[in-house]
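Single-structure report; data block below.
Residue numbers (the working numbering), protein chains in the order written: chain S, 836 to 1199; chain A, 1227 to 1487.
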């Protein structure tokens, strides 16, 4: 139940800059995710919010008050770790009660709180067990319970679902959403899994090289990625990227994207400044924005199906533009087989400039 | 003993030696039985009477060594495992390296040092030197144990409301308990068994440890008292055997977990 502000937050480990001047505002009761590849500084950021790392530079505010120099045990934050980090020498009950005991709460109150939390997470039957006697999913529940029981001002979750199996992960995902709705506390969640970021959070930050590349709602990040990194990190399969340049066609009234081995007309509705013509740019097209049809004469790129990967609810067709493999996501019932001639058109496209920043996009 | 041709089995067990070792009832019978050369009886008596005292000394020295190791080594091992200090890994290696030095090589310098500071012929000198010997093992065993506890467990404890010292006392020490017990027993054994320094640094019977006394028996008696020395040896190893029997399970647990990780 706290608003968190990060101001120019920087962490250096020797010469390595792990977190590079991050500014972030997390609203009260918001569920915010930090998404990024490993080594992008997301965990370090989380650890700084928790007080486990001291920032090299910058400030952290909880509700406008600086907590930068306050040690972790005085911040009242709860943290859930990827490897659960349960105390191996204590059973589940003592693990959950540990913080309350440290705070010297009366023992009947502790018992009551632990019991309530255990009921909420359906782990009453585990309370007598030691961590070595529990499965991964059970440990994760206890770890979550240990964080919940203490009623912290903010929850910090460091890839809590990445070490449990896929089915359980989905279950826990919905459960996390429920828990967040129920306890109404600020959540900061770290993950490298874009699906988790998309589904769980109200807003998420995509991080790379210690910087926040974009911080917005999931739909905005998906629809309007600010740069190539964000575009390629969000979405599965990843966005297709073609390097090339914009040229005029022979008549001079139409703009074309000239990539390696193909030319694609840019919709007339998209107005581009003269300066962009001829410069090196990147065209990004998401697999789901590509339509594959029978060979046509009028528009599109003629090619052949390279591979077909049915996934049940969708089918991934790969085609090749010269040497570049292009993934498309199509209807599972589509009739094409590997080797068939097809025409490919782009329903949406993103244009990134030389510095990989988005400067235009179209939707037809 | 000394029979030609040698016999494999003795005539039978003979418990009088143990009674001698207690320093009691040693009298003319000893001479009669041929254990003591004529004329050396008073010396033997003095040494034998010192046996009980010296086993107590040994226990005191070994226990103090272990406590010192616990007091210093625990904190050292934790620091090596968790607090990043420039050069600490190298230092840890040098600590271990000190064990490669043959103890005899530093015997005389150590003797001179203790003589200079006036600690010669005191239990304190033996305790100090034994702590020096036991510490590297102690630190290494515990270092491995502390290192094997995931960092996140410690982080979690810190978020859960522990200060750094509480993390050590409430989380790390309980988790590493088998290792701590194993390391302590090692330290105890190293000290209890140590002979060269214990003999050199102690001069009077007051500061002698068991191993030194057993050897003193040998020097004082002559070749016919080998059974007496053996009896002394058996008597001296009783306390450690008892300790090992009591802590057998913990020692095994600690050792296995040290090498499994």
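Beta carbons: idealized from backbone N, C-alpha and C, even for Gly.
Shown here, residue 1091(S) sits in a strand according to DSSP, grouped into three states.
Listed in chain order, the positions of the region 1366-1381 of chain A with a beta carbon within less than 7 Å of a beta carbon of chain S are 1376, 1378, 1379 and 1381. The C-alpha of residue 1408(A) is placed about 8 Å away from the C-alpha of residue 1478(A). Using a CB distance below 8 Å, no part of the region 1281-1313 of chain A faces chain S. Flagged as an interface residue toward chain S: residue 1400(A), by a C-beta distance shorter than 8 Å. Between the alpha carbons of residue 1193(S) and residue 1116(S) lies a distance of about 10 Å. Between residue 1036(S) and residue 867(S), the C-beta spacing is below 8 Å. Residue-level contact by beta carbon fails for residue 960(S) and chain A, as no gap is shorter than 8 Å. Here DSSP, grouped into helix, strand and coil, assigns residue 1099(S) to strand. Judged by DSSP in its simplified three-state form, residue 909(S) adopts helix. Just measuring C-alpha positions, the residue of 955(S), 839(S) and 881(S) sitting nearest residue 900(S) is 839(S). By the Cβ test, the region 1358-1374 of chain A is in contact with the region 1311-1329 of chain A, since at least three Cβ pairs between them sit closer than 8 Å. Secondary structure at residue 1193(S): strand, using DSSP grouped into helix, strand and coil. Of all residues in the region 872-893 of chain S, only 885 and 887 come within less than 7 Å of chain A when Cβ atoms are compared, listed by chain position. In the structure shown, the three-state DSSP call for residue 947(S) is helix. At a C-beta separation below 7 Å, residue 1387(A) has these neighbours in chain S: 908, 934, 937 and 938.
Counting only the Cα atoms, residue 983(S) lies some 9 Å from residue 1014(S). By alpha-carbon distance to residue 1186(S), the top candidate from 1198(S), 1176(S) and 1177(S) is 1198(S). Inter-residue distance for residue 1034(S) and residue 1025(S) is about 13 Å (C-alpha atoms, whole angstroms). Nearest C-alpha to residue 1077(S) among 941(S), 853(S) and 1162(S): 1162(S). Using a Cβ distance threshold of 8 Å, residue 915(S) and residue 992(S) count as a contacting pair. Going by DSSP, residue 1351(A) is part of the alpha helix (DSSP H) stretching over 1349-1374. For residue 1131(S), the secondary structure class from DSSP, reduced to helix, strand or coil, is coil. Under DSSP, residue 1077(S) takes part in a beta bridge, and its partners are 1118(S). It is roughly 16 Å from the alpha-carbon of residue 1314(A) to the alpha-carbon of residue 1298(A).
Here the region 954-964 of chain S makes contact with the region 972-983 of chain S; the two share three or more CB pairs at distances below 8 Å.
Among the residues of chain A, those whose CB is under 9 Å from the CB of residue 913(S) are 1385 and 1386, following chain order. Going by beta carbons, residue 850(S) and residue 879(S) fall outside the 8 Å limit. In this chain, residue 926(S) is not harboured by any beta strand (DSSP E), its DSSP state being neither H nor E. Using a Cβ distance threshold of 8 Å, residue 887(S) and residue 1384(A) count as a contacting pair. DSSP, reduced to helix, strand and coil, places residue 1387(A) outside both helices and strands of the structure shown, so it counts as coil. Neighbours of residue 1027(S) in chain A, taken as residues whose beta carbon is under 7 Å from its own, are absent, since the nearest beta carbon is some 17 Å off. Residues of the same chain with a CB within less than 7 Å of the CB of residue 1338(A), apart from the 5 flanking positions on each side, do not exist.
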